[in-house]
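K.L.:
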Amino acid sequence: MSIRTAGLHPGARILIYFLSALAVPGLNFIQLLGLTLAVGTACIGRLRQAWTLLRRARWLLLLMVITYGYSLPGEALFPALTHYAPTREGMLQGLVQAWRLGLLLLLLDVLVLRIPSADLLTGLHSIMRPFAAFGVDRERVSVRLALTMAAMERPRGWAGMRELLAGQVPEHSGPCTYLLNVRPYRPVDWAVLGLLSLGVVWLYA
Numbered sequence: 077m078s079i080r081t082a083g084l085h086p087g088a089r090i091l092i093y094f095l096s097a098l099a100v101p102g103l104n105f106i107q108l109l110g111l112t113l114a115v116g117t118a119c120i121g122r123l124r125q126a127w128t129l130l131r132r133a134r135w136l137l138l139l140m141v142i143t144y145g146y147s148l149p150g151e152a153l154f155p156a157l158t159h160y161a162p163t164r165e166g167m168l169q170g171l172v173q174a175w176r177l178g179l180l181l182l183l184l185d186v187l188v189l190r191i192p193s194a195d196l197l198t199g200l201h202s203i204m205r206p207f208a209a210f211g212v213d214r215e216r217v218s219v220r221l222a223l224t225m226a227a228m229e230r231p232r233g234w235a236g237m238r239e240l241l242a243g244q245v246p247e248h249s250g251p252c253t254y255l256l257n258v259r260p261y262r263p264v265d266w267a268v269l270g271l272l273s274l275g276v277v278w279l280y281a
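Reminder that position 204 of the sequence shown reads as 280 in our numbering, one-by-one numbering, no gaps.
1. Using DSSP bridges, identify the partner residues of V152.
2. If you check the beta carbons only, do L269 and L103 fall under 8 Å apart?
3. Taking R132 as part of the alpha helix (DSSP H), name the residues at either end of that continuous run.
4. Hey, could you find the ends of the alpha helix (DSSP H) P101 is sitting in?
5. Determine the burial state of D265: buried for a count of at least 16 other Cβ atoms within 10 Å of its Cβ, exposed for fewer.
6. For L256, which residues of its own chain have a beta-carbon under 7 Å away from its beta-carbon, when the five flanking residues on both sides are left out?
7. Considering just the uninterrupted stretch of the alpha helix (DSSP H) at H201, what are its terminal residues?
8. Can you tell me where the alpha helix (DSSP H) holding V268 begins and where it ends?
9. Do three or more CB pairs link the stretch 132 to 143 to the stretch 177 to 185 at distances below 8 Å?
10. Could you give the DSSP three-state label for G178: helix, strand or coil?
11. May I ask you to report which of helix, strand or coil DSSP gives G116?
12. Give the single residue among I203, I191, Y280 whose Cα lies nearest to the Cα of G83.
13. With a CB to CB cut of under 7 Å and the five nearest residues on each side skipped, what residues in its chain are close to V100?
14. In angstroms, rounded to a whole number, what distance separates the CA positions of A152 and T143?
15. When you compare the stretch 107 to 126 with the stretch 182 to 190, are there three or more beta-carbon pairs, one atom per stretch, that lie closer than 8 Å?
16. Quick one: Cα of S249 to Cα of A222, how far?
17. How is V258 classed by DSSP in three states: helix, strand or coil?
18. Output needed for Y93: all residues of its chain with C-beta closer than 8 Å, excluding positions within five of it in sequence on either side, in chain order.
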């Protein structure tokens, strides 16, 4: 079982991740295990990047396990500590939830983070199409995103990062030209999105 998304439209890959984020919390153990094996297979060529992604989230994952351990009722994991010990049921549930979150992080790497910057802008531009009816200028937003992504690739220290977080795009020394490759969705993109959408509806029905 493997995940093959290289030929899909960048916008479809981003939407697939959103649908996956909706589906993963509703998966049972067998389904979760199958998806983990598939994602693990897709990460074989990028094990270092995948491990780095999980390592950066290690404190969040640990906090999730501890929070569930102390918030859910059940049998004390360490009977000698009585009320000060986390519960077995809570720790188990916390481990499962941490597993789900780790899986979503790996899916983010497989589906979104591997998209080149130019294709990522193409995908975001296509996703913003429905918002044009509300007055959203897709081209303007795409250019701003391109400038922000370019600035993030050339960090300028803490001051520069604060400017980015504040929404201030650093000025460049000269004019910049960005070529947006607008591509239509193919039938295979719509088919995959449609099947996943039906799967999410069936999962929660």
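Positions of the beta carbon are idealized from the N, C-alpha and C atoms, including for glycine.
P.N.:
Let me spell this out:
1. With the sequence shown as reference, residue 152 is identified as Ala, and Val is not the correct amino acid for it. Beta-bridge pairing links A152 to T163.
2. No, these two residues do not count as a Cβ contact at 8 Å.
3. Counting along the chain, the unbroken alpha helix (DSSP H) around R132 starts and ends at 123 to 132.
4. First-last for P101: undefined, no H or E at that position.
5. With 16 or more Cβ atoms within 10 Å of its Cβ, D265 is classed as buried.
6. For L256, where only same-chain residues beyond five positions count, the Cβ hits under 7 Å are L197, T198, H201, S218.
7. The continuous alpha helix (DSSP H) containing H201 extends over residues 193 to 203.
8. Where V268 is concerned, the enclosing alpha helix (DSSP H) stretches over 263 to 280.
9. Touching, yes, given that three or more Cβ pairs across the two stretches are closer than 8 Å.
10. In the structure shown, G178 adopts helical secondary structure according to DSSP, grouped into three states.
11. Helix, per DSSP.
12. With distances taken between Cα atoms, G83 lies closest to I191.
13. Within its own chain, the residues whose Cβ lies closer than 7 Å to the Cβ of V100, once the five positions on either side in sequence are excluded, are R176, L179, L180, listed in chain order.
14. Taking the straight line joining both Cα atoms gives about 14 Å.
15. The stretch 107 to 126, when compared against the stretch 182 to 190, does touch it at the 8 Å Cβ threshold.
16. For S249, the predicted structure reports a pLDDT of 48, less than 50, and the residue's modelled location is therefore unreliable. The matter cannot be settled from this model.
17. Residue state, collapsed to three classes: coil.
18. Apart from sequence neighbours up to five positions away, the residues of its chain that approach Y93 with a beta-carbon distance below 8 Å are L183, L184, L187, V188, ordered along the chain.
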